[in-house]
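Protein chains in written order, with the numbering used here: chain S, 1 to 320; chain D, 1 to 320.
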């Protein structure tokens, strides 16, 4: 039997990253192409086709042996229809990305999904969630991204609108969110929120050890309060405790609604590992409608880092 | 071909109600048996078997033509395993209700699910949600119940723990809930919450027209504030507006997570019809991550009333 190859693409606003894989899950080659809003849709599709061909060449795979392409794309994606319903940053509306790219590739099947969903699929199939059929990836970054995997597949709801867990309100009337609501989960649990609250705590506590770690506000990052908390600084410990409480509240909501087998936490803040997750596990178990004794739940760190999206796109390609 | 019959049972803490149906969905007979915690599990299973036989007799169906039984039961139900994981009120833990009842019925297949899930399935298959494959039923009663239907089937998550939308926190640190959390959706959107807030508003506004409708606090019910609001009473209108805001916030969370095609609202408060739901639709559309223009969403009243659970149990029986 001839070898089969697959390409997974993580599409972003600055670049598209592609990985070439064989059917056994071997990651053979990687390539990148710049992307820009000013290119427009048609040029971007052509560039993606070029990227697919170049990563095949780089990895020594005959293009004729290419059996599927997967893409994780920003925006609202209707995977079933192969359409980008809307990608605001690039001004894309109702674009048939899957069939348009497939046409550029001589008919190779293409499957698309939202980038956060693709990352969740990557973690579920090849990363931290391998043992579970149902998992939710929560990414703590600029915002709070999420992807929901049910029965080993991306759950994207009607026309791709599901899985926007960062925009659950956890505080009615709370901090305004660019999405138009107030009190969204991501206004309390994102790295951005952590940074904002760390700076506020530092200004309220001029004697905090956080000032030694970050002598000026520009030097504050997502690690500042955690580092100071570990050293015993009271203001930092208070901030970390507060952050963990909000993160746990959002996770609790998802668990009470979806009851997955695992919550996988990714993004920069997840670098804190068990120092972050052990108190989250404790809080969640204590406040859950059905506790871990009756229905176990794993709360674990993501394993694939920035490559989760490419791995997930590869999983989409296998299914294309 | 011989006729086939099915029995759907809505199990509760005071009684179990059974409906006899043919395979075409004709509701042929109804019967009831008392239930009580003091009976214990074994007696209750026997009583349910007796109920199945008696409703068959009542409807003129030969027991030998009975092809399936469905049960909607309170508690945490693992439908896949046919088990009651936990029903606190009756003290049931890890009971194999499906196989135990089937054994009492000479092997007739039995399928079980949570009662709120069964009601959601009933509405989805035979009631307000017939046009949709994905819908969520929210029942505004003593608490806020919910059932999630995806691809025409109950979504119950790992071991039946999903669909507890009443226990999403929408106000971190808010009103305490018996579930152990604070600020749960049901503390703001249940009929109980509406009653509490109506009484509070009446005591704050001694001149409100609500006092004419309910001259004493004991006479206040879920309609009081709505009736006065329609008559133009300002305090009542404020209360109704507040209730609608909280209800909408909870619905928004569910839509951002699940993006179903329809949200079906049941329970006593839903009797207000479009006076309740039209402002909910407006609020939800305005605050949604992806608005109705891109992805339509129906927000509608339940249609089956108290029979939703029996109809849903019949749907389970068809699938048994």
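Glycine included, each C-beta is placed from N, C-alpha and C at the ideal position.
Small disclaimer: the values here were computed from a predicted structure and weren't measured.
* Asked: Can the beta-carbon of residue 298 of chain S be found closer than 8 Å to that of residue 266 of chain S?
  -> Walking along the first chain from the start, residue 298 of chain S turns up at place 298. Walking along the first chain from the start, residue 266 of chain S turns up at place 266. Going by C-beta atoms, residue 298 of chain S is not nearer than 8 Å to residue 266 of chain S.
* Bridge partners - residue 176 of chain D, DSSP secondary structure assignment -> Position 176 of the second chain, counted from the first residue, corresponds to residue 176 of chain D. Paired residue(s): D:182.
* To do: Let me know the alpha helix (DSSP H) ranges lying completely inside the stretch 261-299 of chain D, each 4 residues or longer, listed in chain order.
  => Runs of the alpha helix (DSSP H) inside the stretch 261-299 of chain D: 274-287.
* **chain C residues whose Cβ lies nearer than 8 Å to that of residue 205 of chain D** => Considering every chain present, this structure includes no chain C. Its protein chains are S and D.
* To do: Could you have a look at residue 322 of chain S and say whether DSSP puts it in helix, strand or coil?
  => Nothing can be reported for residue 322 of chain S, as the shown portion of chain S is limited to 1 through 320.
* Leaving out five residues on either side along the sequence, give the residues of the same chain with a beta carbon under 7 Å from the beta carbon of residue 272 of chain D. => On the second chain, residue 272 of chain D is found 272 positions in, with the first residue counted as 1. Excluding five sequence positions before and after residue 272 of chain D, the CB atoms of its chain that fall closer than 7 Å to its own CB belong to 226, given in chain order.
* Bridge-paired residues (DSSP) for residue 136 of chain S -> In the first chain, counting from the first residue as 1, residue 136 of chain S sits at position 136. Residue 136 of chain S pairs with S:148, S:263.
* At which residue ranges does the stretch 37-96 of chain S contain complete alpha helix (DSSP H) runs of 4 or more residues, listed in the order of the chain? -> Here the runs fully enclosed are 40-58.
* How many angstroms separate the CA atom of residue 11 of chain S from the CA atom of residue 99 of chain S? -> If you number the first chain from 1, residue 11 of chain S lands on position 11. If you number the first chain from 1, residue 99 of chain S lands on position 99. Roughly 16 Å separates the two Cα atoms.
* To do: Look at the alpha carbon of residue 111 of chain D and the alpha carbon of residue 77 of chain D, and state the distance between them as a whole number of angstroms.
  => Working through the second chain from its first residue, we reach residue 111 of chain D at position 111. Working through the second chain from its first residue, we reach residue 77 of chain D at position 77. Whole-angstrom Cα-Cα distance: 11 Å.
* **Span of the alpha helix (DSSP H) around residue 121 of chain S** => Numbered from its first residue, the first chain carries residue 121 of chain S at position 121. Counting along the chain, the unbroken alpha helix (DSSP H) around residue 121 of chain S starts and ends at 115-126.
* Residues of its chain near residue 60 of chain S, where Cβ-Cβ distance is below 7 Å and the 5 sequence neighbours each way are ignored -> Within the first chain, numbered from 1, the residue matching residue 60 of chain S stands at position 60. Cβ neighbours of residue 60 of chain S beyond the five flanking positions: none.
* residue 270 of chain D to residue 96 of chain S span [Cα, whole Å] -> Position 270 of the second chain, counting from 1, holds the residue named residue 270 of chain D. Position 96 of the first chain, counting from 1, holds the residue named residue 96 of chain S. Straight-line Cα distance between these residues: approximately 40 Å.
* Taking residue 165 of chain D as the query, report the chain S residues whose CB atoms sit under 8 Å from its CB, ordered along the chain. => Counted from its first residue, the second chain places residue 165 of chain D at position 165. Those are 256, 257, listed as they occur along chain S.
* Using three-state DSSP, classify residue 99 of chain D as helix, strand or coil. => The residue you call residue 99 of chain D lines up with position 99 of the second chain. Here residue 99 of chain D sits in helix by DSSP.
* Asked: Who pairs with residue 373 of chain D in a beta bridge, going by DSSP?
  -> Outside the displayed range of chain D (1 to 320) lies residue 373 of chain D, so it cannot be described from this structure.
* Under 8 Å from the C-beta of residue 210 of chain S: neighbouring residues of chain D -> Within the first chain, numbered from 1, the residue matching residue 210 of chain S stands at position 210. None at all; the shortest Cβ gap to chain D is about 24 Å.
* Leaving out the 5 sequence neighbours to the left and right, which residues in its chain are closer than 6 Å to residue 291 of chain S when beta-carbon positions are compared? -> On the first chain, residue 291 of chain S is found 291 positions in, with the first residue counted as 1. By the criterion of a C-beta distance shorter than 6 Å, residue 291 of chain S is surrounded in its chain by 285, once the five residues flanking it on both sides are discounted.
* When you check each C-beta in the stretch 255-283 of chain S against every C-beta of chain D, which residues fall closer than 7 Å? -> Taking 7 Å as the Cβ-Cβ cut-off against chain D, the residues of the stretch 255-283 of chain S that qualify are 256, 257, 258, 259, 260, 261.
* To do: List the residues of chain S whose Cβ lies closer than 9 Å to the Cβ of residue 112 of chain D, in chain order.
  => Working through the second chain from its first residue, we reach residue 112 of chain D at position 112. The premise fails here: residue 112 of chain D is roughly 17 Å from chain S at the closest Cβ pair, so nothing lies under 9 Å.
* Asked: Is residue 8 of chain S helix, strand or coil when you go by DSSP?
  -> The residue given as residue 8 of chain S occupies position 8 in the first chain. Assignment of residue 8 of chain S by DSSP, reduced to helix, strand and coil, places it in the strand class.
* Asked: What residues of chain S sit near residue 100 of chain D, judged by a beta carbon separation below 9 Å?
  -> Translated into the one-based positions of the second chain, residue 100 of chain D becomes position 100. Near residue 100 of chain D there are no residues of chain S at all, since even the closest Cβ is about 20 Å away, more than 9 Å.
* Count the other CB atoms, across all protein chains shown, that sit within 10 Å of the CB of residue 219 of chain S; report buried if there are 16 or more and exposed otherwise. => Residue 219 of chain S sits at position 219 when you count from the first residue of the first chain. Under this definition residue 219 of chain S is an exposed residue.
* Asked: Is the beta carbon of residue 315 of chain D sitting closer than 8 Å to the one on residue 121 of chain D?
  -> Counted from its first residue, the second chain places residue 315 of chain D at position 315. Counted from its first residue, the second chain places residue 121 of chain D at position 121. Yes, these two residues count as a Cβ contact at 8 Å.
* Going along chain S, which residues have a C-beta under 7 Å from residue 139 of chain D? -> Taking the second chain and counting its residues from 1, the one referred to as residue 139 of chain D is at position 139. What residue 139 of chain D touches in chain S: nothing, since even the nearest Cβ is about 16 Å away.
* CB of residue 16 of chain D within 8 Å of CB of residue 32 of chain D, strictly -> Locating residue 16 of chain D in the second chain gives position 16, where the first residue counts as 1. Locating residue 32 of chain D in the second chain gives position 32, where the first residue counts as 1. Going by C-beta atoms, residue 16 of chain D is nearer than 8 Å to residue 32 of chain D.
* To do: Between the Cα of residue 118 of chain D and those of D:167, D:256, D:109, D:313, spot the shortest distance and give me the residue it belongs to.
  => Here the question's residue 118 of chain D lines up with position 118 in the second chain. Selection D:167, D:256, D:109, D:313 evaluated against residue 118 of chain D yields D:313 as nearest (Cα-Cα).
* Name the chain S residues that come within less than 8 Å of residue 86 of chain D, Cβ to Cβ? -> What you label residue 86 of chain D is simply residue 86 of the second chain in a count that begins at 1. Chain S residues near residue 86 of chain D: 290, 294.
* Asked: Hey, is residue 57 of chain S's beta-carbon within less than 8 Å of any beta-carbon in chain D?
  -> One-based indexing of the first chain puts residue 57 of chain S at position 57. Residue 57 of chain S does not count as touching chain D.
* What number of angstroms, rounded off, separates the C-alpha of residue 167 of chain S from the C-alpha of residue 91 of chain S? -> Counted from its first residue, the first chain places residue 167 of chain S at position 167. Counted from its first residue, the first chain places residue 91 of chain S at position 91. Distance between the alpha carbons of residue 167 of chain S and residue 91 of chain S: 21 Å.
* Quick one: using the 10 Å Cβ neighbour count with 16 as the cut-off for buried, is residue 217 of chain S buried or exposed? => In the first chain, counting from the first residue as 1, residue 217 of chain S sits at position 217. By the 10 Å Cβ count, residue 217 of chain S comes out exposed.
* Start and end residues, alpha helix (DSSP H) containing residue 242 of chain D -> Here residue 242 of chain D refers to the residue found at position 242 of the second chain. Per DSSP, residue 242 of chain D belongs to the alpha helix (DSSP H) from 234-258.
* Own chain, CB closer than 7 Å to residue 280 of chain S, minus 5 neighbours either side, in chain order -> As a working note, residue 280 of chain S is residue 280 in the first chain. Sequence-distant partners of residue 280 of chain S (beyond 5 residues in either direction) whose C-beta falls short of 7 Å from its own C-beta, in its chain, are 244, 247, 248, 251, 299.
* **Same chain only: Cβ atoms within 8 Å of residue 204 of chain D, ignoring 5 sequence neighbours per side** => Sequence index remark: in the second chain, residue 204 of chain D carries index 204 (1-based). 235.
* Asked: How many angstroms separate the CA atom of residue 295 of chain D from the CA atom of residue 149 of chain S?
  -> Position 295 of the second chain, counting from 1, holds the residue named residue 295 of chain D. Position 149 of the first chain, counting from 1, holds the residue named residue 149 of chain S. Between the alpha carbons of residue 295 of chain D and residue 149 of chain S lies a distance of about 21 Å.
* **Interface residues of chain S facing residue 162 of chain D [CB-CB closer than 7 Å]** => The sequence position of residue 162 of chain D within the second chain is 162, counting from 1. Per Cβ cutoff of 7 Å: 257, 258, 259.
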